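K.L.:
The structure under discussion is supplied below as structure tokens; questions concerning it will follow.
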Amino acid sequence: MATIQDIGVSAAINILSAVIFLLAFAFLRLQPINDRVYFPKWYLKGSRQSPSHGGAFVRKFVNLDMRSYLKFLSWMPAALQMPEDELISHAGLDSAVYLRIYLTGLKIFVPITILAFLVLVPVNWTNDTLEGLKFSGKH
């Protein structure tokens with residue numbers, strides 16, 4: 010039987026994992042050594058230089074600018090408001106498809122999740138368990 014505490018622990022683990030992956034992505038994206046991975050199109054256009062061509066040895070591998078870590082998600086509002094053609098030319102087709110899938114998922118699954126929580130959980134609530142989540146061992 011799943012209790013509210015079990016569901017809360019599961020939700021906390023999932024949320025914590027998502028935050029850790031977001032922070033890891035943001036940290037790795039800002040490192041100069043990963044520039045070719047995260048910005049390949051800019052290298053092909055020549056608008057970005059390889060970090061191995063100049064500067065101190067440590068700055069080639071680690072971003073020491075603390076201001077860039079504070080505004081690591083500043084690109085998101087601009088990307089969400091950018092027209093699709095401009096997004097494709099700026100970031101590539103894979104980025105445009107990823108954003109479209111992400112936004113479609115938000116439009117579909119968030120209302121369904123909220124509706125399921127508001128309707129199904131109170132119906133199945135008895136004592137300190139959710140009866141709808143109980144599995145019997147009989148086949």
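In this note's numbering, the protein residues as written are 10 to 148. We treat Cβ as the ideally placed atom computed from N, Cα and C, and that holds for glycine. Bear in mind the structure is a predicted one, so any value in this text is a computation, not a measurement.
Quick one, are the C-beta atoms of residue 96 and residue 105 less than 7 Å apart?
P.N.:
Yes, these two residues count as a Cβ contact at 7 Å.
K.L.:
Tell whether a beta-carbon distance below 7 Å holds between residue 35 and residue 81.
P.N.:
Going by C-beta atoms, residue 35 is nearer than 7 Å to residue 81.
K.L.:
Hey, would you say residue 77 sits closer than 7 Å to residue 39, going by beta carbons?
P.N.:
Contact flag set, yes.
K.L.:
Rounded to whole angstroms, what is the Cα-Cα separation between residue 128 and residue 119?
P.N.:
Each residue's Cα considered, the two are about 14 Å apart.
K.L.:
The alpha helix (DSSP H) with residue 85 in it runs from where to where?
P.N.:
84 to 90 is the span of the alpha helix (DSSP H), which, as asked, contains residue 85.
K.L.:
Determine the closest residue to residue 50 out of 79, 22 and 99, with distance taken between C-alpha atoms.
P.N.:
Among 79, 22 and 99, the Cα nearest to that of residue 50 is on 99.
K.L.:
The alpha helix (DSSP H) spanning residue 98 covers which residue range?
P.N.:
Start and end: 93 to 100.
K.L.:
Since residue 41 is in the alpha helix (DSSP H), which residue starts that stretch and which ends it?
P.N.:
Neither: residue 41 is in no alpha helix (DSSP H) and is coded neither H nor E.
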